[in-house]
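Peer 1: Residue numbers (my numbering), protein chains in the order written: chain A, 10 to 105; chain B, 3 to 158. Note that beta-carbon positions come from the ideal geometry of N, C-alpha and C, so glycine has one too. Quick caveat, the model's predicted, so the values are computed rather than measured.
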């Protein structure tokens, strides 16, 4: 391989789940999403969705209170995602 | 430890009796019941629909009880949370804690509710006189949960 080859980009496919207000805003409860990034993480998932513009960019804009759970565990934006992970987007919770 | 998410109503008396059983170590039982109010943010509430994230909900509630066990000297705990359509005055949630003494029972019961309000994946949608709307999270709920982090040093 020549030395000037581009850095390797890992592509992983995750299952994204939209809950409550976000499910209604996006008009779907979830989808399969391919993420291409050097090191696929939660931030890359959000960036991929924001790039669709419109309601996606508005609902997921920086500063909007959206929490992320990977495989049912709340995580930070720099948490890695792996092939087959379930990545859920949660509006602020209001149970009890 | 018991965690249940269900559409059916619950009978607090029966749940408390089952949790206590005949354990002679129990000297205190604290319980909390949350119910649906008829007015929220100045609008009249006709019905409320509660939804959750199946799979994560049970796990989150189990972790909250485990957290309570680590912080307080309790014997057992139970959380029952309803989902689906509810009306004003309906019961939403039940928390019961047993311990040897009242202090730990009261504290653990409040701790579990405070954490449930900010960490368990439930969402309320109200049908009101102003139309249908998702209920906004309250900053006071975050404050209530944060209070426990300054009181005990084990927060991660």
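Just the Cα atoms here: how many angstroms apart are residue 51 of chain A and residue 61 of chain A?
Peer 2: If you take the alpha carbons of residue 51 of chain A and residue 61 of chain A, they lie about 16 Å apart.
Peer 1: Could you compute how far the alpha carbon of residue 75 of chain B sits from the alpha carbon of residue 59 of chain A?
Peer 2: Roughly 46 Å separates the two Cα atoms.
Peer 1: Does any CB atom of chain B fall closer than 8 Å to the CB of residue 30 of chain A?
Peer 2: Judged by the 8 Å Cβ criterion, residue 30 of chain A is in contact with chain B.
Peer 1: Following a CB-centred definition, is residue 16 of chain B positioned closer than 7 Å to any heavy atom of the ligand GTP?
Peer 2: This structure does not include the ligand GTP; it has no bound ligands of any sort.
Peer 1: Between which two residues does the alpha helix (DSSP H) carrying residue 58 of chain B extend?
Peer 2: Element bounds for residue 58 of chain B: 58 to 73.
Peer 1: In the stretch 114 to 132 of chain B, which residues sit with their C-beta less than 8 Å from some C-beta in chain A, listed in chain order?
Peer 2: Listed in sequence order: 115, 118, 119, 120, 121, 122, 123, 124, 125, 126, 127.
Peer 1: Does DSSP classify residue 115 of chain B as helix, strand or coil?
Peer 2: Looking at residue 115 of chain B - three-state DSSP - the assignment turns out to be helix.
Peer 1: Take the Cβ of residue 157 of chain B as the centre, count every other Cβ of all protein chains shown within 10 Å, and call the residue buried at 16 or more, exposed below.
Peer 2: Annotation note: pLDDT 44 at residue 157 of chain B (below 50); position unreliable, no value reported.
Peer 1: With a 10 Å radius around its C-beta and 16 neighbouring C-beta atoms as the bar for buried, classify residue 100 of chain A as buried or exposed.
Peer 2: Answer is buried; the Cβ neighbour count reaches 16.
Peer 1: Should residue 139 of chain B be flagged as near chain A, meaning a C-beta pair shorter than 8 Å?
Peer 2: For residue 139 of chain B, the answer is yes, since a Cβ of chain A falls inside 8 Å of its Cβ.
Peer 1: With H, G and I counted as helix, E and B as strand and the rest as coil, what does DSSP make of residue 87 of chain B?
Peer 2: Strand at residue 87 of chain B.
Peer 1: Whose Cβ in chain A lies nearer than 9 Å to the Cβ of residue 83 of chain B?
Peer 2: Residues of chain A passing the Cβ test: 104, 105.
Peer 1: In chain order, what residues of the same chain have a beta carbon less than 6 Å from the beta carbon of residue 95 of chain B, not counting five sequence neighbours either side?
Peer 2: Cβ within range, chain order: 36, 83.
Peer 1: So which residues of chain B does residue 78 of chain A contact, with C-beta pairs closer than 7 Å?
Peer 2: Going along chain B in sequence order, the residues near residue 78 of chain A (Cβ under 7 Å) are 58.
Peer 1: Counting C-beta neighbours from all protein chains within 10 Å, is the total for residue 26 of chain B 16 or more, i.e. buried, or is it exposed?
Peer 2: Residue 26 of chain B is exposed by the Cβ-count criterion.
Peer 1: Would you say residue 99 of chain A faces chain B, with C-beta separation under 8 Å as the test?
Peer 2: Yes, residue 99 of chain A counts as interfacial toward chain B.
Peer 1: Going by C-alpha to C-alpha distance, which of A:89, A:40, A:73 sits closest to residue 53 of chain A?
Peer 2: Ranking the options by Cα distance to residue 53 of chain A, first place goes to A:89.
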